[in-house]
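> Residue numbering for the sequence shown follows the working numbering, starting at 5 and increasing by one per position.
For glycine and all other residues, C-beta sits at the position ideal for the given N, C-alpha and C.
Dropping the structure in here first, questions after.
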Amino acid sequence: MRADPPENQAEPSGVPIEPETLRWAMRRAKVSEAQLAKAVAGGKIERVRAWLEGSARPTHAQTHRIAAKLDVPFPVLLGPPPAPFKLPVSDFRRPETQSQPSPELEAVLLDALRKRDWYRAYRQKRNPYVGKFANKRSFTEPPAGTLGFLVWHERDVSQEAAYWAEQTLELARLRKKVRSWTSFRAVLAEAIEDRLHILVLLNSMVGNNIHRPLDPEEFAGFALADPIAPLIFVNTRGSVARSIFTLAHELGHILVREDALDSDPSDDVAEGHERFCNRFAAELLMPEKEFRSLWRQHQQSDIKTRCTDLARTFFVSSEAVLIRAHTLDLISDEDFERLHMAIRRKSEKKSRESINNGGNFWANVAIRNSKTFFKAVIEATRAGELTYTSAARLLNVNVGTLAQRIYQDRGRVAAPE
Ligand SMILES: [Zn+2]
5 MRADPPENQA EPSGVPIEPE TLRWAMRRAK VSEAQLAKAV AGGKIERVRA WLEGSARPTH
65 AQTHRIAAKL DVPFPVLLGP PPAPFKLPVS DFRRPETQSQ PSPELEAVLL DALRKRDWYR
125 AYRQKRNPYV GKFANKRSFT EPPAGTLGFL VWHERDVSQE AAYWAEQTLE LARLRKKVRS
185 WTSFRAVLAE AIEDRLHILV LLNSMVGNNI HRPLDPEEFA GFALADPIAP LIFVNTRGSV
245 ARSIFTLAHE LGHILVREDA LDSDPSDDVA EGHERFCNRF AAELLMPEKE FRSLWRQHQQ
305 SDIKTRCTDL ARTFFVSSEA VLIRAHTLDL ISDEDFERLH MAIRRKSEKK SRESINNGGN
365 FWANVAIRNS KTFFKAVIEA TRAGELTYTS AARLLNVNVG TLAQRIYQDR GRVAAPE
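Right under this line is the structure:
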């Protein structure tokens, strides 16, 4: 790398970046003056301040490092701050998190839109009837009259919709098959992919980049309700139980054909579709009949223990069980108020592990991209419909690694277990 040219104190030399834009980019990337100084100016905070005041300019090399650190293209720093990023989906997050989206959220949203567009074209090419007629095994055919606008204009049909989804996904069987929250999340995602033809992306970072983690406080997940290539993205950083509930909640959004971006959706206070999705998720994961009967069976234990026990059976959080019990009038308002904060704090503490994606690289790539999507991209590449470069970009992997994988894999099944 070239050495930085000496700085001229009298008249600023260097790259004429726009101080206002630098300030905007730092705010957006949540990088402080000290952090930027450490990354690009040898720790000299006064130099960063001078850039922000416009009394000095960074060198060419420094500007490149600033752009990389703040995740903006170099030329952007030369002009006025860009217009705010407009979310391509309705924002249902809690008001306090609805600030300008972070670069990470922006990146995963744009990545998901790109995937959706490609997969839509891919599906249509293979089956031109998809989305045109009711496909017997597609998400477009839940019980007649239960979906779309009927949901809140006419009456609440979350129960019927959940019953339909629970039967279609065979959740009772899946629950018995697995022993941990993480395994349940995996089989639930797989069932939604295979039986409802919805892409499910489970990821805790941007693409496959461990240096760009997603913030669970910023968003829990989102849904893109395309009729041909519906897609659910779940942020798996943080609690596993929470991510399972998010997955069910986003499925609700797909069923009412609505794009959405959500923060932790477990509170039963929201209105309209949010309310529908929360009720749908609760009913799907903890069907009323089973819930009531188990609650009775555990009658001898105190409420807290019952919540923990039922959480283990239904693979939800203790808090979700408490809310469900309260909604079904199985506990009093006083008991609910008394226990709610305590249980919430406890489950938050307990559930910080979950990011463990360990194991096989390609298995992780498939889970992060949706297994269905992964398989489709590999198949299309083998068939010569996609270049290796485009395929690698769609899967966020290195092109050489992908080529090697496809080469080694000839004749074998594409998707890993
Ligand atoms: Zn929502």
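When you compare each of A65, P20, S187 and A54 to V44 by their alpha carbons, which one comes out closest?
Closest option to V44, Cα to Cα, is A65.
> Does DSSP classify E421 as helix, strand or coil?
Caution applies to E421, whose pLDDT of 41 falls short of 50 and renders its modelled position unreliable; the value that the coordinates give is listed next. If DSSP states are grouped into helix, strand and coil, E421 belongs with coil.
> Quick one: what's got a C-beta closer than 8 angstroms to H302's C-beta in the same chain, skipping five residues either side?
The residues are T309, R310, D313 and L314.
> Going by CA-CA distance only, name the one from S336, A176, E108 and D333 that's closest to K73.
Ranking S336, A176, E108 and D333 by Cα distance to K73 puts E108 first.
> For N139 and P234, what's the separation of their Cα atoms in angstroms?
Legend: pLDDT at N139 = 38, less than 50; position of this residue unreliable, no value from coordinates given.
> Going by DSSP, what residue range makes up the beta strand (DSSP E) through R216?
Element bounds for R216: N213 to P217.
> Within 10 angstroms of the Cβ of E1, are there 16 or more other Cβ atoms? Answer buried if so, exposed if not.
Outside the shown range of the chain, which is 5 to 421, sits residue 1, and nothing can be said about it.
> Among the candidates S208, N373, A60 and I70, whose CA atom is the shortest distance from the CA of W28?
Ranking the options by Cα distance to W28, first place goes to I70.
> May I ask you to check if the CB of E383 is nearer than 7 angstroms to at least one heavy atom of ligand 3?
Here the bound small molecules are ligand 1; ligand 3 is not part of this structure.
> In three-state DSSP terms, what is R141?
Because the pLDDT at R141 is just 39, under 50, the model does not fix this residue reliably, and the point stays unresolved.
> Give a yes or no on whether the C-beta atoms belonging to P86 and L113 are separated by under 8 angstroms.
Going by C-beta atoms, P86 is not nearer than 8 angstroms to L113.
> If you measure from the beta carbon of N213 to each beta carbon in chain D, is any gap under 8 angstroms?
Absence of chain D from the displayed structure is noted, only one protein chain being present.
> Looking at ligand 1, does it come within less than 7 angstroms of E278, judged from the CB to the closest heavy atom?
For ligand 1, at least one heavy atom lies less than 7 angstroms from the Cβ of E278.
> Please classify R61: is it buried, with 16 or more other beta-carbons within 10 angstroms of its beta-carbon, or exposed?
It is buried - the Cβ of R61 has at least 16 other Cβ atoms within 10 Å.
> DSSP three-state label for N239, please.
Correct three-state label for N239: strand.
> Out of V369, G47, I21 and K42, state which residue places its alpha-carbon closest to the alpha-carbon of I214.
With distances taken between Cα atoms, I214 lies closest to V369.
> Would you call the region 334-349 and the region 172-181 in contact, with 3 or more CB pairs under 8 angstroms?
No: fewer than three Cβ pairs fall under 8 angstroms.
> Return the chain-ordered list of same chain residues with a C-beta closer than 7 angstroms to the C-beta of I410, the five sequence neighbours on each side being excluded.
The residues are I382, T385 and R386.
> Which of the three DSSP states is assigned to F226 in this structure?
In the structure shown, F226 sits in a strand (DSSP, three-state: E or B).
> Hey, could you find the ends of the alpha helix (DSSP H) D263 is sitting in?
Counting along the chain, D263 falls outside any alpha helix (DSSP H), and DSSP gives it neither H nor E.
> Who are the Cβ neighbours of L218 in its own chain at under 8 angstroms, not counting the five residues just before and after it?
Cβ within range, chain order: E108, L109, V112, N207, S208, M209, V210, N239 and R241.
> Using three-state DSSP, classify V204 as helix, strand or coil.
Three-state result, V204: strand.
> Relative to the alpha-carbon of K293, which residue among R98, L205, R328 and I196 has its alpha-carbon at the smallest distance?
Nearest of R98, L205, R328 and I196 to K293, Cα basis: R328.
> Hey, could you find the ends of the alpha helix (DSSP H) I49 is sitting in?
Where I49 is concerned, the enclosing alpha helix (DSSP H) stretches over I49 to E57.
> Among the candidates A190, R216, V244 and R127, whose CA atom is the shortest distance from the CA of H201?
Closest option to H201, Cα to Cα, is R127.
> Who does M209 pair with in a DSSP beta bridge?
P217.
> Using a Cβ-based criterion (distance less than 7 angstroms to any ligand heavy atom), does A426 qualify as near ligand 1?
Residue coverage of the chain in this structure runs from 5 to 421, which leaves residue 426 outside it and unanswerable.
> Quick check on this structure: which residue in H330, R342, F237 and L82 has the alpha carbon closest to the alpha carbon of L251?
L251 has its Cα closest to that of F237, out of H330, R342, F237 and L82.
> Might you give, ordered along the chain, the residues of its own chain that have their beta carbon closer than 8 angstroms to the beta carbon of P20, omitting 5 neighbours on each side?
Contacts found: R61 and L82.
> Output the distance between the C-alpha atoms of I347 and E323, rounded to the nearest integer angstrom.
Approximately 6 angstroms between the Cα atoms of the pair.
> Is C281 near ligand 1, in the sense that its beta carbon is under 7 angstroms from a heavy atom of that ligand?
Yes, Cβ of C281 sits closer than 7 angstroms to a heavy atom of ligand 1.
> How about I196 and A229: are their beta carbons less than 8 angstroms apart?
Not closer than 8 angstroms, so no.
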